[in-house]
Every structure is written in C-alpha cells, then in structure tokens.
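Below: one structure, written as structure tokens.
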Amino acid sequence: MRLSLNFDLENEHLPIQYRERVLSFIKLSLSEYSIDYFKKFYNNKDNTIKPYTFSVFFKSPEFKEDEIIINNKKLDINLSIADYEASIILYNAFNQQKNKKFSLNRNSWTLKNISMLMEKKISSNEIIIKFMSPLVVRSRQNQKDFYYSFEYKEFLDILKINIEEQLSITNFPKNIVDTFCLEPIKAKKVIVKFYEKKMETSVGIFKMSGDKELLKYLYEAGLGSRHSAGFGMFEIV
2 MRLSLNFDLE NEHLPIQYRE RVLSFIKLSL SEYSIDYFKK FYNNKDNTIK
52 PYTFSVFFKS PEFKEDEIII NNKKLDINLS IADYEASIIL YNAFNQQKNK
102 KFSLNRNSWT LKNISMLMEK KISSNEIIIK FMSPLVVRSR QNQKDFYYSF
152 EYKEFLDILK INIEEQLSIT NFPKNIVDTF CLEPIKAKKV IVKFYEKKME
202 TSVGIFKMSG DKELLKYLYE AGLGSRHSAG FGMFEIV
C-alpha cells in the first residue's frame, strides 16, 4: 500500500533534519493508536527491521544551512508499506491524527488529508527506477558505521548484505538476493546528515534487476539500510 499524507505548516520554516520529526510523528501516531504495534516496531531503539519506507515532498523548497524554506507552507509524506496488517494499522493511526497540531522546531504541522497512491505492477525481472529519497548502503565494522555511494566498488556487495537483513522478517529464501543487481544510469552522490551523522548516499535513476517477487517487495518496503527512516524509497519510471 502507498499512502500520501498532506500537511499544512504553521509557517514556512522547516528543520533541515526533517526526517527525525517525521519519525517522531510516526511514533506518536502508533503509540496513541496501538501500543502493541509501537512496541513491535520501536521498543528496541529503532533497530527492528520494518516493512515500510517514506519520502517527503516539498514544492519549490529553498535550502539553507540549518532549515528549509517552504513558501506555500505545505508538505507531503509519501509512505510505502509491504505488510498488509501494518498498512491498516498505520493508516488508522495516521487518520486518528488528522487536524491535530504536531509541534516542530519553531513550527508545527497539521495533517489535513490521507490518500492512497497507485502502485505500478512489476511484470519483468528488470525495471528502471528513480529514488524519491536517498539510498543508504551501510556496513558496520568495529562498532563504526561506513556508508557507500554507487561510486564505491563495494557498493553492490554491501547493498546485497543490507537486503539480506531486510528479508530476515520475510519468508524469502536467502539466496534470492543472488539474483539482484542495481546499476546507475543517471546517478549522483549526495551527503545527508541524519542524527548528527554524515552519510554518503545515492540518488537518481538506476536499472534494477532480479527475481520479480524480490523487486516487488523492495518497491513496497524500500531499499537498503535505514529504509524505514525515510531512505531508499523509489518509483518505477
């Protein structure tokens, strides 16, 4: 299921690290609707793998050092959810937040509308995709995180390891990841700051290939590390 959440902002100033506020909104919505689901997804310092991703859309934003200026005072959060039960829970949780003010740094937003977005069907083992939020590929070595854009030779191998971790909550066989490949077509490297960490990420257009069911799952759940924190959401072009 794909959802679009449409918000009105109190003023035009949005924190540059807006993903943290989106996560706070998701946590609040879940905790007020279903404490069981909140604990399922967020009771372990956010380390639980989740079957969803999101991206945030602004119209004509002006990026500054520590904030984003949004003159029309509107933003959309697009979510994609692979699990049917989680889809219903999240939809109901968000619906319960409609017309309530949610505080931000020197601002607030109010959820005004929720709509369902059309999903594209995957009928082949190869698709062309465009990232709606940056792709994070991460490895952890000696208690330290390392991030890889598509420019690194290790990029695909580390991404496959990230996908294997994602699939640990599914019934997919582990070796299905062997079919996967991601190749840049018109891509670029972007440095993103998230919870005070600077991450080297990838955006743009890529060719993705692999088992059709795997591609469908990644399309619905998001791709890569930190996908449930607003990274790795893509559309099929």
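When we follow the numbering used here, the leftmost residue of the sequence shown carries the number 2, and every step to the right adds one. In this text, a Cβ means the ideal position worked out from N, Cα and C, and glycines have one as well.
Check: Could you tell me whether the region 185-203 touches the region 94-114, where touching means 3 or more Cβ pairs closer than 8 Å?; Outcome: no
Check: Determine, using beta carbons only, whether residue 308 and residue 229 come nearer to each other than 8 Å.; Outcome: This structure does not reach residue 308, given that the chain is present from 2 up to 238, and the question cannot be answered.
Check: Taking the alpha-carbon positions, what's the residue 133 to residue 237 distance?; Outcome: 10 Å
Check: Check whether the region 105-123 and the region 172-187 are in contact - that is, three or more C-beta pairs closer than 8 Å.; Outcome: no
Check: At which residues does the alpha helix (DSSP H) containing residue 220 begin and terminate?; Outcome: 213-222
Check: Nearest to residue 212 by CA position, among 149, 178, 139, is which residue?; Outcome: 178
Check: Distance, Cα to Cα, residue 125 vs residue 167?; Outcome: 22 Å
Check: Of all the options 29, 56, 43, 22, which has the alpha carbon lying nearest to the alpha carbon of residue 136?; Outcome: 56
Check: Decide if residue 91 is buried, meaning its Cβ has at least 16 other Cβ atoms within 10 Å, or exposed.; Outcome: buried
Check: Have a look at residue 199 and residue 142 and give me their C-alpha separation to the nearest angstrom.; Outcome: 17 Å
Check: Would you call the region 6-25 in contact with the region 69-76, where contact means no fewer than 3 C-beta pairs closer than 8 Å?; Outcome: yes
Check: On a CA-only basis, which of 161, 14, 180 is nearest residue 225? Give me that one, please.; Outcome: 161
Check: Give, in chain order, every unbroken run of the beta strand (DSSP E) that is at least 3 residues long and sits entirely within the region 53-120.; Outcome: 53-58, 68-70, 75-82, 102-105, 108-118
Check: For residue 115, collect the residues of the same chain with a Cβ closer than 8 Å to its Cβ; drop the 5 residues on either side in sequence, then sort them by chain order.; Outcome: 4, 5, 6, 7, 92, 95, 96, 99
Check: Measure the alpha-carbon distance for residue 117 versus residue 232 and round it to whole angstroms.; Outcome: 20 Å
Check: Between the beta-carbon of residue 130 and the beta-carbon of residue 235, is there less than 8 Å?; Outcome: yes
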